[in-house]
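For the sequence shown, the numbering used here assigns the number 7 to the initial residue and increments by one for each residue that follows. Backbone N, C-alpha and C fix where the C-beta goes; we use that ideal spot for every residue, glycine too.
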Amino acid sequence: MKYAVLALGIAAGLVGPADRASAQASTWDKIQSDKVIKVGVAQAEPWFFKDPATGQWTGIGPSYAAALAEAMGVKLELVEVTWGTAIAALQSSKIDLMPLLNITPKRALTVDYGNAPLAYSGLALLQRDGLEIKTWDQANDPNLTIAVPHGASEDQFVTTYLSKAKVLRFPSYAEQLTAFQNGNADAVLLYHPTLAVMHSRVGKGTITIPTPYHIDSSDVAVRREPDKTFRDFLSVADGYFYNTGKTQEWYEAFLKSRGMDPSGVPGIQREAWTSAK
Numbered sequence: 007m008k009y010a011v012l013a014l015g016i017a018a019g020l021v022g023p024a025d026r027a028s029a030q031a032s033t034w035d036k037i038q039s040d041k042v043i044k045v046g047v048a049q050a051e052p053w054f055f056k057d058p059a060t061g062q063w064t065g066i067g068p069s070y071a072a073a074l075a076e077a078m079g080v081k082l083e084l085v086e087v088t089w090g091t092a093i094a095a096l097q098s099s100k101i102d103l104m105p106l107l108n109i110t111p112k113r114a115l116t117v118d119y120g121n122a123p124l125a126y127s128g129l130a131l132l133q134r135d136g137l138e139i140k141t142w143d144q145a146n147d148p149n150l151t152i153a154v155p156h157g158a159s160e161d162q163f164v165t166t167y168l169s170k171a172k173v174l175r176f177p178s179y180a181e182q183l184t185a186f187q188n189g190n191a192d193a194v195l196l197y198h199p200t201l202a203v204m205h206s207r208v209g210k211g212t213i214t215i216p217t218p219y220h221i222d223s224s225d226v227a228v229r230r231e232p233d234k235t236f237r238d239f240l241s242v243a244d245g246y247f248y249n250t251g252k253t254q255e256w257y258e259a260f261l262k263s264r265g266m267d268p269s270g271v272p273g274i275q276r277e278a279w280t281s282a283k
């Protein structure tokens, strides 16, 4: 197994006899005992996608989960949750980890993060053909109409930084897309991986990540517990997957599976589109 050496090397440096004796009920011990790792999945392209015809999961999250299970030498069990129920699923041991969960201080009050993000998302615009908005100052224009998801972080952003623009707020991504398609909105504002999928459906416009960059990171969340072996293992393993380009490969593979050309879409490695470190 191609990731087995990675897991063995990391685990050897993290786990000692005293540690194992002191925390028999830890997540790490349970996974090793049961030989199963339970990973949360939530319907949200491109992170997770469940084919309604086959029930098969694809996307960055399932690809990551498969590689992680292979590295640990255990069986993978995917457990469907929602973004709203993922934290409760962790706390109740329904799942062992939730990948690609955005980092927020509120979530960090109740769960631990691996502190090695798998992906970075830039706040972006899907703008109509003919527009060439490259900065957020250019987007702060009373002649520009922008569609955003009502009450989400994107809504907060436009309220704070794009007060001059006309804003249309919608409860769903589909309604944002409709407003863009019928010309009621000049642009749609979302984080760029989601916009990439939307762009493939509408077939027009261009995606840009205006400057200054507003970046969000997607990490792996785990239960908070005294034994940090599992969390520390994920920190190293996830850093490996990101730094060797595996997460970007999984992203591109998913886009191709949905009929999209990855070369025309900003990547999820922020180094590819910004000099930010």
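Can you tell me whether DSSP reads L168 as helix, strand or coil?
Position 162 of the sequence shown, counted from the first residue, corresponds to residue 168. Coil.
Please name the residue in G79, K81, D118 and K112 whose C-alpha comes closest to that of L96.
Stepping through the sequence shown from its first residue, residue 96 is reached at position 90. Nearest Cα to L96 within the set G79, K81, D118 and K112: D118.
Alpha-carbon spacing of A171 relative to E138, whole angstroms
For the purposes of this step, residue 171 is identified with residue 165 of the sequence shown, where counting begins at 1. For the purposes of this step, residue 138 is identified with residue 132 of the sequence shown, where counting begins at 1. Distance between the alpha carbons of A171 and E138 is about 16 Å.
Give the DSSP-derived three-state secondary structure of G128 in the structure shown.
For this step, residue 128 is matched to residue 122 along the sequence shown. G128: strand per DSSP, three-state reduction.
For I93, does the three-state DSSP call read helix, strand or coil?
What you label residue 93 is simply residue 87 of the sequence shown in a count that begins at 1. It is helical.
Starting from the N-terminal side, write out each stretch of the alpha helix (DSSP H) that is 4 residues or longer and does not extend beyond the segment 223–256.
Note on the segment 223–256: whole alpha helix (DSSP H) runs with a minimum of 4 residues are 235–249, in chain order.
Hey, would you say R276 sits closer than 9 Å to Y126, going by beta carbons?
On the sequence shown, residue 276 is found 270 positions in, with the first residue counted as 1. On the sequence shown, residue 126 is found 120 positions in, with the first residue counted as 1. Going by C-beta atoms, R276 is nearer than 9 Å to Y126.
Using a Cβ-Cβ cutoff of less than 8 Å, which residues in the same chain neighbour I37 once the five nearest sequence positions on both sides are dropped?
Here residue 37 refers to the residue found at position 31 when the sequence shown is read from its first residue. Taken in chain order, the residues that qualify are I43, M78, V80, D102 and F236.
So A72 and F247 are in contact, right, with Cβ under 8 Å, and what is the actual spacing, rounded?
Position 66 of the sequence shown, counting from 1, holds the residue named residue 72. Position 241 of the sequence shown, counting from 1, holds the residue named residue 247. Not confirmed; about 11 Å, so no contact.
In whole angstroms, give me the CA-to-CA distance for F239 and N121.
Working through the sequence shown from its first residue, we reach residue 239 at position 233. Working through the sequence shown from its first residue, we reach residue 121 at position 115. F239 and N121: Cα-Cα distance of roughly 11 Å.
Minimum C-alpha distance to Q182 - residue among D233, V154 and Y167:
By 1-based counting over the sequence shown, the position of residue 182 is 176. Looking at the Cα atoms, V154 is the closest of the given residues.
Measuring straight from C-alpha to C-alpha, what distance separates T88 and L195?
Residue mapping note: residue 88 aligns to position 82 of the sequence shown, counting from 1. Residue mapping note: residue 195 aligns to position 189 of the sequence shown, counting from 1. Using only the alpha carbons, I get a separation of about 23 Å.
Supposed close pair D161, R175 - CB separation, criterion 8 Å:
Counted from its first residue, the sequence shown places residue 161 at position 155. Counted from its first residue, the sequence shown places residue 175 at position 169. Between R175 and D161 the Cβ distance is about 6 Å, and since that is below 8 Å, they are a contact.
From this set, P177, L150, N149 and S39, which residue's C-alpha is nearest H156's C-alpha?
Taking the first residue of the sequence shown as position 1, residue 156 is located at position 150. It is P177.
Opening and closing residue of the alpha helix (DSSP H) in which D35 lies:
In the sequence shown, residue 35 corresponds to position 29, counting from 1. It spans T33 to D40 - the alpha helix (DSSP H) in which D35 sits, taken as one unbroken run.
When the Cα atoms are used, what is the spatial distance from P268 to T60?
Locating residue 268 in the sequence shown gives position 262, counting from the first residue. Locating residue 60 in the sequence shown gives position 54, counting from the first residue. Approximately 25 Å, taken between the alpha carbons.
What residue does the alpha helix (DSSP H) around A145 start on, and which one ends it?
As a first step, residue 145 is located in the sequence shown; it is residue number 139 there, counting from the start. Note, A145: alpha helix (DSSP H), W142 to A145.
For G67 and D244, the rounded distance between their alpha carbons:
On the sequence shown, position 238 is the one that residue 244 refers to. On the sequence shown, position 61 is the one that residue 67 refers to. About 12 Å.
Would you kindly work out how many angstroms separate the C-alpha atoms of A185 and P218, rounded to a whole number?
Within the sequence shown, residue 185 is the residue found at index 179, counting from 1. Within the sequence shown, residue 218 is the residue found at index 212, counting from 1. When rounded, the distance between both Cα atoms is 26 Å.
Which partner residues does T64 have in the DSSP bridge list?
Numbered from its first residue, the sequence shown carries residue 64 at position 58. Residue pairing from DSSP places T64 in a beta bridge opposite F55.
Alpha-carbon to alpha-carbon, L201 and T33
Locating residue 33 in the sequence shown gives position 27, where the first residue counts as 1. Locating residue 201 in the sequence shown gives position 195, where the first residue counts as 1. Computed Cα separation, rounded: 35 Å.
Pick helix, strand or coil for D25, following the three-state DSSP scheme.
Position 19 of the sequence shown, counted from the first residue, corresponds to residue 25. Residue confidence for D25 is low, a pLDDT of 49 falling below 50, so the modelled location carries little weight; the figure read from the coordinates is stated next. Three-state result, D25: helix.
Would you call the CB atoms of S224 and W53 closer than 9 Å?
Along the sequence shown, read from residue 1 onward, the residue named residue 224 stands at position 218. Along the sequence shown, read from residue 1 onward, the residue named residue 53 stands at position 47. Note that the C-beta distance between S224 and W53 is below 9 Å.
I need the DSSP call for E86, collapsed to helix, strand or coil.
To locate residue 86, count along the sequence shown from 1; it is residue 80. DSSP places E86 in the strand class (E or B) of the three-state scheme.
Within 10 angstroms of its Cβ, does G270 collect 16 or more other Cβ (buried), or is it exposed?
Residue mapping note: residue 270 aligns to position 264 of the sequence shown, counting from 1. It is exposed - the Cβ of G270 has fewer than 16 other Cβ atoms within 10 Å.
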